[in-house]
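Each protein sequence line maps, in turn, to chains A and B. Take any residue in the first sequence, count from 1 to its spot, add 52: that is its number in our numbering. Take any residue in the second sequence, count from 1 to its spot, add 690: that is its number in our numbering. Just below is one structure, and these are the notes that go with it.
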Amino acid sequence: MPRVTLKLLLNCLVFLALLPPLAFMGFQAIRLTQQRLDEIQSVGDSLTQQIGIVSELLLAERGALLRALAASPALKTGDLAAFYQHARAALDPDEGAVVVAGIETGWSKILLSTAAPFGVPLPAPRQNIGILETRRRAAASGQIELSDVAISPVTGQPGIVLFLRAPGTEYVVSVAIRAGWVNEQLAEIKTTGWALAIADRNGQLLGRSKDLPHWDGGQASLPTWASVAIRDNGWVRSETPEGAAVYFSWRRLPSGWMALAAVSENDLDFIPRVQATTVSVAALAVSLSGLLLATFAAIAIGRPLTRISAAAIAFGRGEAITPAGSRIREINDVTEAFAAGAAARAAAEAALREREEDTRNLAYAASHDLKAPTSTLQLLFQQLDAHLDAGDEKMGRQLVRIGLGTVARMRELIEKLAEYSRAMTKAPLREEINLKQLVETVLIDLTQQRNETGAQVAVGELPSVRGDPVHFRAIFQNLLSNAMRYRKQDATPFITVSVEDSPSSDIISLHVKDDGIGIAPEYHARVFEMFQRLHVQGDIPGSGLGLFVCKRIVRSYGGDIRIRSELGRGAEFIVELPRAMRVT
Amino acid sequence: MTAPIQKLLLIDDNEADIFLCRLLIEESGLVADIETFNLAEDALTYFRKSPHPPVDAILLDIRMPRMSGFEFLECALAEFGANFSKVVVFMLTTSLDSTDSDRAKQFEIVKHYFEKPLTRAHLELIAATLSGFSEP
Chain A
53 MPRVTLKLLL
63 NCLVFLALLP
73 PLAFMGFQAI
83 RLTQQRLDEI
93 QSVGDSLTQQ
103 IGIVSELLLA
113 ERGALLRALA
123 ASPALKTGDL
133 AAFYQHARAA
143 LDPDEGAVVV
153 AGIETGWSKI
163 LLSTAAPFGV
173 PLPAPRQNIG
183 ILETRRRAAA
193 SGQIELSDVA
203 ISPVTGQPGI
213 VLFLRAPGTE
223 YVVSVAIRAG
233 WVNEQLAEIK
243 TTGWALAIAD
253 RNGQLLGRSK
263 DLPHWDGGQA
273 SLPTWASVAI
283 RDNGWVRSET
293 PEGAAVYFSW
303 RRLPSGWMAL
313 AAVSENDLDF
323 IPRVQATTVS
333 VAALAVSLSG
343 LLLATFAAIA
353 IGRPLTRISA
363 AAIAFGRGEA
373 ITPAGSRIRE
383 INDVTEAFAA
393 GAAARAAAEA
403 ALREREEDTR
413 NLAYAASHDL
423 KAPTSTLQLL
433 FQQLDAHLDA
443 GDEKMGRQLV
453 RIGLGTVARM
463 RELIEKLAEY
473 SRAMTKAPLR
483 EEINLKQLVE
493 TVLIDLTQQR
503 NETGAQVAVG
513 ELPSVRGDPV
523 HFRAIFQNLL
533 SNAMRYRKQD
543 ATPFITVSVE
553 DSPSSDIISL
563 HVKDDGIGIA
573 PEYHARVFEM
583 FQRLHVQGDI
593 PGSGLGLFVC
603 KRIVRSYGGD
613 IRIRSELGRG
623 AEFIVELPRA
633 MRVT
Chain B
691 MTAPIQKLLL
701 IDDNEADIFL
711 CRLLIEESGL
721 VADIETFNLA
731 EDALTYFRKS
741 PHPPVDAILL
751 DIRMPRMSGF
761 EFLECALAEF
771 GANFSKVVVF
781 MLTTSLDSTD
791 SDRAKQFEIV
801 KHYFEKPLTR
811 AHLELIAATL
821 SGFSEP
């Protein structure tokens, strides 16, 4: 029928027209589903790995373990296998049980660490291999789940409950651990978290998942050593036949499993019983609790330990030290002690280096700057001898004048050196010094130079400081004398002495400012060096020691001295002193 | 007979030393022309002046204000090349400290380093060194 055929044809056309988008949508859906499945698969895979990468019981002495942990380079690289090998090689297996474990979560990589000895003898190493194997099998089969935080009925502290399906896939084992175990006393770790498998005293496992639901919401009893009533999701107190208090709780997992957790009031009594009855599962649980301990330890001890180790290494190398930033006071104390020691040592070394440099400079100076006038005099006397022989009295007199000038220069050098030596070697006084009075006294000492140059000196209000008057006289004597000496030719020097004394600053600055010839910036550092001068004796005489002495004195008070100057535009010397020196 | 040292430069910040050395040099008859500077910078300015007669020898002090003898030598070598003077002689204050003489040895142009004070024998040594230059 053409009409029917037409309708069929139309339908076919519509179908054909819709087919590509439909097919596209279908493929997209399949692709997205596949992607999702892949994601889920990879999440599952990583979860499997996350929980049980490496865990093992070791018998070890804690101190040795801590030292080994701190020393292991694997702590930094995150290579857990290497870390484990390192720890194992370093440990003494006789002292007690320690869990070394590693866990890698999807969010952060936490590697390794330690739990202190549990205080109980754990299975011999041979058995531990079995435990490890058990745990590995559980990890490999993906039968482990993590649960969340619960509040401990014993301590009121938050804790973590961990659930896993034991090998054989039927048993649910729960592990409870107190989160508050991280105490300032590391030794207390052993009395806190531990694990429990649901088992009877004959080693028979209880709590198969298929058996659990009938406990839900109702009264139930564990037929052997622990009788417990579970009413809701809270914790329920029970007692073992021996009278030890035990707390139970249960959870229904998203997967539909039921799980139990238990905490004992007296871990030390309890743990051996668990081991005796259900060695493999209990130890498995113990190793898992160790895993959790290790996780905490990684955060609370491991990182600070690496910082202690880093601090010790930095201390050895004399580098800067970062505080551990741990909640554990002793760990902070150690790094802070390292940091304080390093700072003190750095300060002492800096002072020593300055002294050593001074000693070297003095040795150099003695053989050069102090010897130079003697070679001048030697040449001079040879010439004098020759010219007197020749009867050249005029030249003889000129030579004698040169000789007297050389001797005067020698004398000034020696006096300046003596001044430096006095200032730096005597035990410094700590007297109250009125700086204004002190500057006035210095100006009286400099009367001759002031008269020769016609210098005007304006002294502003100056504070009182606590220090050695000899030092401050030397500072102002040198600075004021320089200010007059390095004046502009044919100009009358104008000099100001002032203070910058803002309570908001932790230094007070004394300023000596002149309008003299100034110093080009490239020589600002050099003028403070021993025997360094910018002018020849013939132009402006000087020893090359004055500013050096000033700098050494100011630095001995923890202060510094600097210059503000340009060539031809005057110079301002700024003595910066710690505010603590100020007398109020 | 011409003097074995035609042009000698003396660079020393100490005026007394310059005066005394000049006396000694003039009396020796070994030097035809002597130029003195009490700042190394002034000596550099001298070399920058063009033209200047060729320099046979420089007697160079080490410890000087602003620019030391070593700094002068480095500057001059960089600016004027290795032939700015035939010979450079450092005048050391002391032979007790090897710091300066060790450093002086590193310059090829430094043929001698004498301990102060300058003597006629020192000048004769320079003259002998210069006569070696003119031989084939």
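C-beta: ideal position from N, C-alpha, C; glycine also.
Are any of the Cβ atoms in chain B nearer than 8 angstroms to that of residue i?
i: A:K478; result: no
i: A:T428; result: yes
i: A:S637; result: Chain A is shown only over 53 to 636; residue 637 of chain A falls outside these bounds and no answer can be derived.
i: A:I454; result: yes
i: A:L495; result: no
i: A:L586; result: yes
i: A:R114; result: Unreliable positioning characterises A:R114 in this predicted model, as indicated by a pLDDT of 36, which lies under 50. The coordinate reading is nonetheless provided below. So no, A:R114 is outside the interface.
i: A:T505; result: no
i: A:L469; result: no
i: A:E464; result: no
i: A:G622; result: no
i: A:L431; result: yes
i: A:T458; result: yes
Give a yes or no on whether the C-beta atoms belonging to residue i and residue j are separated by under 8 angstroms.
i: B:P755; j: A:V627; result: no
i: A:F524; j: A:L487; result: yes
i: B:I816; j: B:A772; result: no
i: A:T458; j: B:A706; result: yes
i: A:V551; j: A:P521; result: no
i: A:G448; j: A:L436; result: yes
i: B:A747; j: B:L698; result: yes
i: B:L808; j: B:L714; result: yes
i: A:R604; j: A:M462; result: no
i: A:V509; j: A:V452; result: no
i: B:M781; j: B:F797; result: no
i: A:V635; j: A:V517; result: yes
i: A:G620; j: A:I569; result: yes
i: A:L599; j: A:F583; result: no
i: B:F737; j: B:K776; result: no
i: A:L432; j: A:G455; result: yes
i: A:H576; j: A:I615; result: yes
What are the start and end residues of the beta strand (DSSP E) that includes residue i?
i: A:A470; result: Careful: A:A470 lies outside any beta strand (DSSP E), inside the alpha helix (DSSP H) at 445 to 477.
i: B:L699; result: 695 to 701
i: A:V511; result: 508 to 511
Give the range of the alpha helix (DSSP H) segment to which residue i is assigned.
i: A:I496; result: 487 to 497
i: B:T726; result: From DSSP, B:T726 is part of no alpha helix (DSSP H) but of the beta strand (DSSP E) over 721 to 727.
i: B:G759; result: 759 to 770
i: A:Q430; result: 424 to 441
i: A:I592; result: That residue, A:I592, is in no alpha helix (DSSP H); it is neither H nor E in DSSP.
i: B:R793; result: 788 to 795
i: B:F709; result: 705 to 718
i: A:V37; result: Outside the shown range of chain A (53 to 636) lies residue 37 of chain A, about which nothing can therefore be said.
Suppose the cutoff is 7 angstroms on Cβ atoms and the five residues either side in sequence are ignored; what does the same chain contact list for residue i look like?
i: B:S821; result: P694
i: A:E471; result: A526, V601
Should residue i be flagged as near chain A, meaning a C-beta pair shorter than 8 angstroms?
i: B:E705; result: yes
i: B:R753; result: yes
i: B:R793; result: no
i: B:F770; result: no
i: B:F762; result: no
i: B:T783; result: yes
i: B:P741; result: no
Could you please give me the residues that DSSP links to residue i through a beta bridge?
i: A:F613; result: The amino acid at residue 613 of chain A is misidentified as Phe; the sequence shows Ile. Bridge partners of A:I613: A:V627.
i: B:M781; result: B:D751, B:F804
i: A:G519; result: A:E483
i: A:V551; result: A:L562
i: A:V635; result: A:S516
i: A:F546; result: A:Q508
Tell me which residues share the same chain as residue i and place their Cβ nearer than 8 angstroms to its Cβ, disregarding the 5 neighbours each side in the sequence.
i: A:A507; result: Q501, A535, M536, R539, T544, P545, F546, I547
Does at least one heavy atom of the ligand MG sit under 7 angstroms from the Cβ of residue i?
i: A:F625; result: For the structure depicted, the ligand MG is absent and the ligand set is empty, with no information on it obtainable.
Apart from the five residues just before and just after residue i, which ones in its own chain have a Cβ nearer than 6 angstroms to its Cβ?
i: B:D702; result: I708, D751
i: B:F727; result: I701, A733
i: A:G96; result: Unreliable positioning characterises A:G96 in this predicted model, as indicated by a pLDDT of 43, which lies under 50. The coordinate reading is nonetheless provided below. Closer than 6 angstroms at the Cβ level, and outside the excluded window around A:G96, lies no residue.
Indicate whether at least one CB of chain C lies closer than 8 angstroms to the CB of residue i.
i: A:K423; result: The chain labelled as chain C is not found among the protein chains of the depicted structure, namely A and B.
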